[in-house]
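Trainee: Using the numbering used here, the first residue of the sequence shown is number 8, and each one after it goes up by one.
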Amino acid sequence: AMGGAMGLLLALLLAAGGAGAMEFEMVFQTKCLMESVEPQQLVVGDWAVVAKHAGEDPLALKTVKVESPTGEVVYQKEALEEGTFVFTAKEEGDYKACFTAQSLDAARRSKIDVDWKLGVAAADWDSIAKKDNLDRMGTELKKLEETVKEIHEEMLYMRKREEEMRDLNEDVNSRVAVFSGISLALCIGMGVLQVMYLKRFFKRKKVL
Numbered sequence: 008a009m010g011g012a013m014g015l016l017l018a019l020l021l022a023a024g025g026a027g028a029m030e031f032e033m034v035f036q037t038k039c040l041m042e043s044v045e046p047q048q049l050v051v052g053d054w055a056v057v058a059k060h061a062g063e064d065p066l067a068l069k070t071v072k073v074e075s076p077t078g079e080v081v082y083q084k085e086a087l088e089e090g091t092f093v094f095t096a097k098e099e100g101d102y103k104a105c106f107t108a109q110s111l112d113a114a115r116r117s118k119i120d121v122d123w124k125l126g127v128a129a130a131d132w133d134s135i136a137k138k139d140n141l142d143r144m145g146t147e148l149k150k151l152e153e154t155v156k157e158i159h160e161e162m163l164y165m166r167k168r169e170e171e172m173r174d175l176n177e178d179v180n181s182r183v184a185v186f187s188g189i190s191l192a193l194c195i196g197m198g199v200l201q202v203m204y205l206k207r208f209f210k211r212k213k214v215l
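1) Counting C-beta neighbours from all protein chains within 10 Å, is the total for GLY126 16 or more, i.e. buried, or is it exposed?
2) Would VAL51 and THR91 qualify as a contact pair, given that the criterion is a beta-carbon distance under 8 Å?
3) Enumerate in chain order the residues of its own chain whose CB-to-CB distance from LEU19 is below 8 Å, with the five nearest sequence positions on each side excluded.
4) Which stretch, first to last residue, makes up the alpha helix (DSSP H) that contains LEU111?
5) Going by C-alpha to C-alpha distance, which of VAL81, GLU85, VAL57, PRO46 sits closest to LEU163?
6) With DSSP as the reference, label MET125 as helix, strand or coil.
7) Where does GLN201 sit, in a helix, a strand or coil, going by DSSP?
8) I'd like the span of the beta strand (DSSP E) that includes PHE106, first residue to last.
9) Whole angstroms is fine: what's the gap from GLN83's alpha carbon to VAL73's?
10) Measuring CA to CA, which of LEU49, SER75, TYR204, ALA55 is closest to MET41?
11) On the criterion of 16 or more Cβ atoms from any shown chain inside 10 Å, does SER117 qualify as buried, or is it exposed?
12) Look up MET41 in the DSSP assignment and give the residues it is bridged to.
13) In the DSSP assignment, what are the bridge partners of PHE195?
14) Determine the direct distance from the alpha carbon of GLU177 to that of ILE119, and round the result to whole angstroms.
15) Would you tell me roughly how many angstroms separate the C-alpha atoms of GLY198 and VAL179, rounded to the nearest one?
16) Measuring straight from C-alpha to C-alpha, what distance separates MET33 and ASP64?
17) Using three-state DSSP, classify MET172 as helix, strand or coil.
18) State the Cα-Cα distance for the pair CYS105 and ASP174, rounded to the nearest angstrom.
19) In chain order, what residues of the same chain have a beta carbon less than 8 Å from the beta carbon of TRP54, not counting five sequence neighbours either side?
20) Have a look at GLU99, ILE189, GLN201, TYR204 and flag the residue whose alpha-carbon is nearest the alpha-carbon of GLN48.
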């Protein structure tokens, strides 16, 4: 019972660990997916091209490329039907995976299966269990420990971003206040100048 409860808790915690398995049809020759990744987060993506219609052989893709938010290519393969990209994110942001078919006709006859995992969900727990001599319960405890650690780091990261946004808002608010003060002073000054000009004008016209 305890193992089942722990497994359920772990499954719920890992549910937020990435985009998960997806399948999509290629309407155009190139199809791109984007996933938001945090710095130093492990990313693993298993992909495969599948024939859209039963009985047809899958057509190898022309290229599969994954780029960082700044455009750096972190994975690129050509003329394959399936593969796996693995990297550790150097920077925060949206990482883009693009799948390009050999032709538009080939694209319309193909589907792409992608299983995109992040962080704890991306780790090879079978290898970790063998390396550390862990049983099933020990492996689940190790997963739980790493998941809690990842959630804690994510909370600290979100708090840091919140502080940065608050500092930015305070800076913007102070600049707006200064700008408003300057605008008010200019309006008052223009009003005073207009009154002085009108007084002189009416004196010249001998109205005052």
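Don't be surprised by glycine CBs; every beta carbon is placed ideally from N, CA and C.
Mentor: Per the coordinate set shown:
1) Taking the sequence shown and counting its residues from 1, the one referred to as residue 126 is at position 119. Flag for GLY126 reads buried.
2) The sequence position of residue 51 within the sequence shown is 44, counting from 1. The sequence position of residue 91 within the sequence shown is 84, counting from 1. Yes, the pair counts as a contact, with Cβ atoms nearer than the cut-off.
3) Taking the first residue of the sequence shown as position 1, residue 19 is located at position 12. With a pLDDT of 48 at LEU19, under the threshold of 50, the modelled position of that residue is not reliable, and no figure is offered here.
4) On the sequence shown, position 104 is the one that residue 111 refers to. Taken as a continuous stretch (DSSP letters only), the alpha helix (DSSP H) holding LEU111 covers 111 to 115.
5) In the sequence shown, counting from the first residue as 1, residue 163 sits at position 156. Checking every option, the nearest Cα to that of LEU163 belongs to PRO46.
6) For the purposes of this step, residue 125 is taken as the residue at position 118 of the sequence shown. First, the residue type needs correcting, since residue 125 is Leu and not Met in the sequence shown. Strand at LEU125.
7) Counted from its first residue, the sequence shown places residue 201 at position 194. Of the three classes helix, strand and coil, the one that applies to GLN201 here is helix, per DSSP.
8) Residue 106 sits at position 99 when you count from the first residue of the sequence shown. Where PHE106 is concerned, the enclosing beta strand (DSSP E) stretches over 100 to 107.
9) In the sequence shown, residue 83 corresponds to position 76, counting from 1. In the sequence shown, residue 73 corresponds to position 66, counting from 1. Answer to the nearest angstrom: the Cα atoms are 6 Å apart.
10) Here residue 41 is taken as the residue at index 34 of the sequence shown, counted from 1. Residue nearest to MET41 within the set LEU49, SER75, TYR204, ALA55 is SER75 (criterion: CA-CA distance).
11) In the sequence shown, residue 117 corresponds to position 110, counting from 1. Label assigned to SER117: buried.
12) Walking along the sequence shown from the start, residue 41 turns up at place 34. Per DSSP, the beta bridge partners of MET41 are LYS103.
13) Numbered from 1 along the sequence shown, position 188 holds the residue referred to as residue 195. Reading off the sequence shown, one finds Ile at residue 195, where the question assumed Phe. Paired residues: none, contrary to the question.
14) The count along the sequence shown starts at 1 and reaches residue 119 at position 112. The count along the sequence shown starts at 1 and reaches residue 177 at position 170. One C-alpha to the other measures close to 46 Å.
15) Position 191 of the sequence shown, counted from the first residue, corresponds to residue 198. Position 172 of the sequence shown, counted from the first residue, corresponds to residue 179. Whole-angstrom Cα-Cα distance: 28 Å.
16) Mapped onto the sequence shown, residue 33 falls at position 26. Mapped onto the sequence shown, residue 64 falls at position 57. Approximately 16 Å between the Cα atoms of the pair.
17) Within the sequence shown, the letter at position 165 stands for residue 172. The three-state reading of DSSP puts MET172 in helix, counting H, G and I together.
18) Numbered from 1 along the sequence shown, position 98 holds the residue referred to as residue 105. Numbered from 1 along the sequence shown, position 167 holds the residue referred to as residue 174. Rounded to whole angstroms, CYS105 to ASP174 spans 36 Å at the Cα level.
19) Within the sequence shown, residue 54 is the residue found at index 47, counting from 1. So the qualifying residues of the chain are VAL71, GLU89, GLY90, THR91, PHE92, ALA104, PHE106, ILE119, ASP120, VAL121, ASP122.
20) Numbered from 1 along the sequence shown, position 41 holds the residue referred to as residue 48. If we check each option's Cα against that of GLN48, GLU99 comes out closest.
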